[in-house]
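The sequence shown begins at 11 in my numbering and counts up one residue at a time. Glycine residues also receive a C-beta, built at the ideal position from the N, C-alpha and C atoms. Everything on this sheet refers to the single structure shown next.
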Amino acid sequence: MNRMLLIAFREFLENVRTKGFWFGILMMPIVLVLVGVVPIIVENTRVAKNYAVIDETGVVLDAVKQELSVRDFRHLLTDFTKGEEDMLPAFLAVFFPEIRALDEEDQENIVDYLFNDGKLDDNLTRRLTNQLTRHRSAIIDWWANLSDEERSQLSGSISANYFRLVDVTNLEQLKEMIESEALFAYFIIGRKVVEDGSGTKYVSNNLTDRDLEIWFGELVSQYVRDQRLSQSDVDADIADWINEAVSFEGVTLGKDGETEEVDSTDIARQWAPVVFVYFLWISVMINTQMLITNTIEEKSNKLVEVLLSSVSAISLMGGKIIGIAGTGLTIITAWLIMALAFFIGLPMAAGIELPIDLSSVMADPWFLGSFVMYFLLGYLFYAALLVGLGSLCNNLKEAQNLIMPVQLIQMVPIFLMIPIGRDPNGSLAQVLSYVPPLTPFVMMNRAAGPPSTEEYVVTTILLIVSIIVAFWLAAKVFRVGILMTGKPPGAAEIFRLLRAPVTRRVTSP
11 MNRMLLIAFR EFLENVRTKG FWFGILMMPI VLVLVGVVPI IVENTRVAKN YAVIDETGVV
71 LDAVKQELSV RDFRHLLTDF TKGEEDMLPA FLAVFFPEIR ALDEEDQENI VDYLFNDGKL
131 DDNLTRRLTN QLTRHRSAII DWWANLSDEE RSQLSGSISA NYFRLVDVTN LEQLKEMIES
191 EALFAYFIIG RKVVEDGSGT KYVSNNLTDR DLEIWFGELV SQYVRDQRLS QSDVDADIAD
251 WINEAVSFEG VTLGKDGETE EVDSTDIARQ WAPVVFVYFL WISVMINTQM LITNTIEEKS
311 NKLVEVLLSS VSAISLMGGK IIGIAGTGLT IITAWLIMAL AFFIGLPMAA GIELPIDLSS
371 VMADPWFLGS FVMYFLLGYL FYAALLVGLG SLCNNLKEAQ NLIMPVQLIQ MVPIFLMIPI
431 GRDPNGSLAQ VLSYVPPLTP FVMMNRAAGP PSTEEYVVTT ILLIVSIIVA FWLAAKVFRV
491 GILMTGKPPG AAEIFRLLRA PVTRRVTSP
């Protein structure tokens with residue numbers, strides 16, 4: 011046992027004292043942050059798509075422009091760009107902060123008053139009501155005369171940040187602009203669009219990005235729907251009442267059986283295990299690959315023969331597995347510390363308040379405890395399988411072919427993350443929890459469910475028994491395979507090694 015621990019300590023030191031090891035620890039979070047940040051940067055810096063419209067009705071496009079103007083003004087109130095207050099006219103700048111401080115319902119009331127001849131609510135302050143009444147026409151004129159560029163500066167949610175209307179209606183010119191990529195797409199609105207929806211076309215060479223088509227189609231559909239209701243002599247208020255969607259308030263049942271409101275942090279907590287599963291999968295993959303690479307390198311350079319002159323094959327195998335396990339724990343501990351520092355320190359340093367308390371989700375003792383436990387169990391299971399197979403190979407090329415079936419099994423949890431995350435206590439999740447190669451990942455994925463105590467106990471016992479069996483079989487293969495040379499054995503030879511008595515020595519053919 012002492013010699014096994016000495017080998018484990020040697021394996022651990024050989025890994026952690028290299029610069030490459032610590033560089034790898036730092037690079038993984040950096041890469042993951044870039045994966046999350048780069049799409050946001052690309053989204054914020056992307057160029058608006060130019061589009062044109064041929065409106066054969068002569069009225070639909072004007073109605074769409076008016077609706078867009080109203081929507082954009084709504085975005086001005088809810089998502090105003092800080093630092094652009096100088097762009098506001100003096101009369102609006104005086105009371106604009108008061109409007110921004112209102113809740114969404116009151117802001118919607120103001121938008122309705124300005125653009126739809128609505129009535130201001132009595133709960134608004136007298137000062138604000140007087141200012142809005144006095145400057146209503148001036149606000150409407152100021153907003154109507156702003157260019158797309160000016161509106162885009164005032165709010166990042168303005169439609170012109172994403173789509174820009176080009177005032178071109180000549181069909182041949184539009185086709186040339188499509189070919190030269192000066193235009194992303196153009197629409198044709200048929201004369202009978204209200205009657206039967208006929209004559210509408212969307213022309214573009216990009217068949218995958220449908221954002222523009224869906225966005226503009228929704229605007230035209232709203233106009234057509236309103237016109238059909240109007241032509242059917244349906245009162246506008248009744249039409250709004252018919253079209254009003256039902257919104258359900260999200261609640262969940264607490265431990266005492268009472269309902270509790272659901273917020274964004276609760277939703278994040280429900281999906282947090284999916285993130286932990288991804289890190290669990292990466293951790294197990296990295297450390298098992300580290301183990302098999304180390305085993306093959308020592309075998310190929312004959313170092314293993316020197317080690318076996320001092321320790322038994324079983325002590326060597328066990329020491330390697332324990333040492334790499336310690337390395338793995340060092341890696342995941344460093345990752346968790348950096349993740350917590352990122353979610354706690356970044357908002358404080360940037361002076362921003364995240365809508366979701368991700369630090370509390372990441373630091374949840376239940377998630378952290380489950381993560382560490384299932385990392386160790388998952389690593390031990392796959393380490394036993396791979397170290398046994400790796401001992402039969404003389405180089406990494408041979409190992410890649412031999413361990414391919416195990417690697418394919420390791421890929422399965424990635425495809426199951428989302429389905430199980432959506433239904434952590436469903437039939438699929440419950441059944442796969444009892445499949446030992448998948449148990450660590452599936453049970454981690456179900457942590458937000460959470461599974462019943464009985465499931466935790468039974469699946470853990472089953473996994474531990476599977477690990478013991480895997481170690482017993484791996485030991486039989488490792489004892490012989492670590493000294494084998496020449497062509498690696500096939501499936502039949504490996505099966506013969508597994509069936510051979512412990513005292514029997516099998517040599518390479």
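With 16 other Cβ atoms within 10 Å as the buried cut-off, status of residue i
i           : result
residue 76  : exposed
residue 201 : exposed
residue 21  : buried
residue 305 : buried
residue 220 : exposed
residue 129 : exposed
residue 156 : buried
residue 125 : buried
residue 253 : exposed
residue 217 : exposed
residue 171 : buried
residue 55  : exposed
residue 82  : buried
residue 33  : exposed
residue 184 : buried
residue 256 : exposed
residue 293 : buried
residue 23  : exposed
For residue j and residue i, the rounded distance between their alpha carbons
i           : j           : result
residue 239 : residue 248 : 10 Å
residue 194 : residue 276 : 40 Å
residue 178 : residue 70  : 16 Å
residue 166 : residue 159 : 11 Å
residue 28  : residue 337 : 12 Å
residue 507 : residue 500 : 11 Å
residue 389 : residue 377 : 18 Å
residue 396 : residue 452 : 21 Å
residue 347 : residue 470 : 27 Å
residue 466 : residue 120 : 55 Å
residue 443 : residue 392 : 16 Å
residue 39  : residue 352 : 10 Å
residue 153 : residue 79  : 8 Å
residue 476 : residue 468 : 12 Å
residue 480 : residue 288 : 24 Å
residue 482 : residue 285 : 33 Å
residue 318 : residue 402 : 16 Å
residue 48  : residue 57  : 15 Å
residue 532 : residue 296 : Nothing about residue 532 can be reported from this structure: the residues present for the chain run from 11 to 519 only.
residue 31  : residue 37  : 10 Å
residue 214 : residue 176 : 15 Å
residue 131 : residue 45  : 46 Å
Residue of the options minimising C-alpha distance to residue i
i           : options            : result
residue 191 : 60, 98, 88         : 60
residue 310 : 241, 289, 492, 292 : 492
residue 424 : 400, 95, 454, 404  : 454
residue 433 : 469, 460, 340      : 460
residue 280 : 150, 480, 332, 374 : 374
residue 426 : 438, 394, 417      : 438
residue 199 : 162, 86, 229, 290  : 229
residue 430 : 349, 464, 465, 283 : 283
residue 96  : 303, 163, 225      : 163
residue 25  : 340, 406, 505      : 340
residue 12  : 255, 90, 322, 222  : 322
residue 298 : 109, 101, 409      : 409
residue 534 : 456, 331, 308      : Outside the shown range of the chain, which is 11 to 519, sits residue 534, and nothing can be said about it.
residue 413 : 303, 109, 223, 90  : 303
Sequence-distant residues of its chain with Cβ nearer than 6 Å to residue i (five each side left out)
i           : result
residue 398 : 484, 487, 488
residue 447 : 419
residue 502 : none
residue 329 : 14, 17, 18
residue 435 : 459
residue 204 : 234, 237
residue 73  : 233
residue 505 : none
Beta-carbon proximity list for residue i, same chain, < 8 Å, skipping 5 on both sides
i           : result
residue 181 : 64
residue 133 : 116
residue 251 : none
residue 114 : 88
Beta-carbon contacts of residue i that lie in its chain and below 7 Å, excluding the five residues immediately before and after
i           : result
residue 344 : 35
residue 386 : 335
residue 422 : 448
residue 149 : 102, 124
residue 122 : 128
Would you be able to state if there are at least three C-beta pairs under 8 Å between the stretch 93-105 and the stretch 134-150?
Contact holds: three or more Cβ-Cβ distances are below 8 Å.
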